[in-house]
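**Q**
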Amino acid sequence: MTTEQLKTYIVSLNDGSGCLFQPMAGADTYTYILTAKHLFEGTKSDLNGNQVAYNTADGHVIPITRLVYQDGVWSEIVLNFVFKNGKNYFASSNADAAILKINFIPGFDEIFQSNISVNAVGYGLYGYPQILAQSKAGEKSTEYAISRLISAGVQNQRAQLVSTTLAHPQIQGMSGGGIVKIIDDHISVIGIQSKVTHQMLAGGQIDFVPVHYFNLIVTDPTNQGKLSALYPPFLHSFEFLRDDVFSLAVDVIDEENIAGARIILRNKAEQIVKSDITPQGIKELFEARLLIIEDETSCFSHKDIWIAWLEFLTILNIVKYDPIQKAMLSDIFNQYRLKYIDGQDWTEVRNELVRSDYVGLKPDSTIFVSSKTPPKSTFYLKKGTMIDIAKPYDKRGFKTDNGIDPFTCFNFVHLEHFKEVCIIRKLDQYRNLNEQELLEKLKSEYHELFD
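Residues in the sequence shown are numbered consecutively from 9, following this note's numbering.
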């Protein structure tokens, strides 16, 4: 993800801004714009200082301008949004938040929502300030970097911009802009800009609406059946991830030797894709029990954890269960558990590893671990080897059935073991095997890790 790509997610509308977001409904359905409610309705002072209500009438046409960046050249596309309250416009009942539902725009599914934390490093306000309205295409939007979060209000969060001299004249038009940052190949959004703290004495402080309030719009009973959850499309179906699994990256000289194994694994993955199992269904069943560090819930919106689950279920399908169906997942979870770590090496979090949730697992169980950062050398941690169990160690915080010690009862295997150790390091053994022989080879390599 580049800064140029990020800018294409920010749109200009109704003297303000908005942020494109592809919901979970899937491809070729529709796209959302997350924006500020006060751009369409609210109260304002008249010439006499009295507060008067204003709103947008159904049928009113609102031009929405978005950016396109191709071959180093910026251009603009204007969409005419016909306002229809409750049909393509959905507002929060109490927060300065609104969702516009527009025709599907392909290529805008690399954005995910994140929880707000005290660490706002790297986040910035992106939008279209009115002072740049006469600039060239690609130069009308800007970023104001955020130095820190200050405090949470009733339906808003206050943030300090790096530039403490910015006030209303410089920020006007940014309402509805995204509070976003680039994380790897994706965009993380934590909220949408609402207002400055004071029109002339802002001191570079802004208020924004946390993305949580947009989730509440989706789940509002009055909007039932009209909006889809604010999660990427791949949570809707493993179909969106079928080409991402079992990449089995090797040097070009080894491509011919690895191709057969890759094809077999992806063919088996297709059985999971066509089953009734979905990432969203797995998430709803297990929630934080899927994670080593339970507050890393923003990773549910990342591809990595669900690519891992599709690979894990495929391996189970090869070794133990054919076919696998959603109704089987709870029983499987009490025999073989996949746990995910976001952004850390799995051997760096050994203490957290054993304090995760293992309730329901029996002694001698194997825990399968996936992490955003794959291991370099250690793929298998046998029970009793993670620490010196001959010396006293802290057993407080274990989440297991009574009498079970994860250090001494569980083996831990990184999911990369099934690709790196079982296939890539034994590549010569896969040469010239036919389809049935390849499948039997995979079964034999994988089987020992499940017994």
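We treat Cβ as the ideally placed atom computed from N, Cα and C, and that holds for glycine. The structure displayed is predicted, hence computed values, not measured ones.
(1) Taking one C-beta from the stretch 40-59 and one from the stretch 266-277 each time, how about it: are there three or more such pairs within less than 8 Å?
(2) On the premise that Ile-214 lies in contact with Glu-118, defined as a C-beta separation below 8 Å, what is that separation, rounded to the nearest angstrom?
(3) Have a look at Phe-248 and Phe-242 and give me their C-alpha separation to the nearest angstrom.
(4) Taking 8 Å as the cut-off, does the stretch 100-115 touch the stretch 29-43 (at least 3 CB pairs, one atom from each stretch)?
(5) Can we say the stretch 350-358 touches the stretch 329-339, given the rule of at least three CB pairs closer than 8 Å?
(6) What are the boundary residues of the alpha helix (DSSP H) that includes Pro-287?
(7) Nearest CA to the CA of Lys-399: which residue from Gly-411, Ala-316, Asp-409, Thr-416?
(8) What residue does the alpha helix (DSSP H) around Thr-227 start on, and which one ends it?
(9) In three-state terms, what does DSSP make of Asn-88?
(10) Can you check whether the CB of Gln-178 is closer than 9 Å to the CB of Gly-135?
(11) Thr-73 by DSSP, collapsed to three states: which one?
(12) Going by the CB atoms, is the gap between Ile-154 and Ile-124 shorter than 9 Å?
(13) Pop quiz: Gly-212 and Thr-173 are said to be a contact at Cβ under 8 Å. What is the actual Cβ separation, rounded to whole angstroms?
(14) One question on the structure: do Phe-418 and Thr-386 come within less than 9 Å of each other, judged by their Cβ atoms?
(15) Output the boundary residues of the alpha helix (DSSP H) element that contains Phe-341.
(16) I'd like the list of long-range same chain contacts for Val-7, defined as Cβ closer than 8 Å, with 5 residues on each side in sequence excluded.
(17) With the cut-off set at 9 Å, would you say Ile-431 and Leu-447 are in Cβ contact?
(18) From Leu-369 to Val-162, what distance separates their C-alpha atoms?
(19) Provide the residue span of the alpha helix (DSSP H) that contains Ala-153, from first to last.
(20) Tell me the rounded alpha-carbon separation between Val-258 and Gly-94.
(21) Can you tell me whether Cys-430 is helix, strand or coil according to DSSP?
(22) Classify Ile-395 as helix, strand or coil using the three-state DSSP reduction.
(23) Taking the alpha carbon of Asn-442 as the point to measure from, which residue in Asn-88, Ile-272, Glu-12, Lys-384 has its own alpha carbon closest?
(24) If you measure from the CB of Ala-167, is any heavy atom of the ligand ADP nearer than 8 Å?
(25) How far does the alpha helix (DSSP H) with His-455 in it reach, from first residue to last?
(26) What three-state label does DSSP hand Gln-142 in the structure shown?
(27) Is it buried or exposed for Gln-444, if we count other Cβ within 10 angstroms and need 16 for buried?
(28) Are the CB atoms of Ile-72 and Ala-26 within a distance shorter than 9 Å?
(29) Which class does Gln-13 belong to by DSSP, given the choice of helix, strand or coil?
(30) In whole angstroms, what is the alpha-carbon distance linking Ala-237 and Thr-150?
(31) In the DSSP assignment, the beta strand (DSSP E) including Phe-48 goes from what residue to what residue?
(32) DSSP three-state call for Arg-345: helix, strand or coil?
(33) Could you tell me whether the Cβ atoms of Asp-192 and Met-9 are closer together than 9 Å?
(34) Leaving out five residues on either side along the sequence, give the residues of the same chain with a beta carbon under 7 Å from the beta carbon of Ala-252.
(35) Excluding five sequence neighbours on each side, which residues of the same chain lie with their C-beta closer than 7 Å to the C-beta of Phe-420?
(36) Residues in the same chain with beta-carbon distance under 8 Å from Asn-325, minus the five sequence neighbours each way, listed in chain order, please.
**A** Taking the structure as given:
(1) no
(2) No, Glu-118 and Ile-214 are not in contact; Cβ-Cβ is about 25 Å, not under 8 Å.
(3) Looking at the two C-alpha atoms, the distance is approximately 5 Å.
(4) The stretch 29-43 vs the stretch 100-115: in contact.
(5) no
(6) 287-294
(7) Thr-416
(8) 220-227
(9) strand
(10) no
(11) strand
(12) no
(13) 6 Å
(14) no
(15) Per DSSP, the continuous alpha helix (DSSP H) segment holding Phe-341 begins and ends at 337-341.
(16) With the chain represented from 9 up to 459, any question about residue 7 goes unanswered, as that position is not in the structure.
(17) no
(18) 42 Å
(19) In the DSSP assignment, Ala-153 falls outside any alpha helix (DSSP H) and within the unbroken beta strand (DSSP E) covering 150-160.
(20) 52 Å
(21) coil
(22) Here DSSP, grouped into helix, strand and coil, assigns Ile-395 to coil.
(23) Here the closest residue by C-alpha is Ile-272.
(24) The model on display carries no ligand, and the ligand ADP is accordingly not part of it.
(25) 443-455
(26) In the structure shown, Gln-142 sits in coil (DSSP, three-state: anything other than H, G, I, E or B).
(27) exposed
(28) For the record, residue 26 in the displayed sequence is Gly; it is not Ala. A contact, by the Cβ cut-off of 9 Å.
(29) helix
(30) 28 Å
(31) First-last for Phe-48: undefined, no H or E at that position.
(32) strand
(33) yes
(34) Sequence check: residue 252 is Asp here, not Ala. The residues are Lys-311, Ile-315.
(35) Leu-361, Ile-375, Val-377, Leu-389
(36) Lys-276, Gln-279, Ile-280, Pro-331, Ile-332
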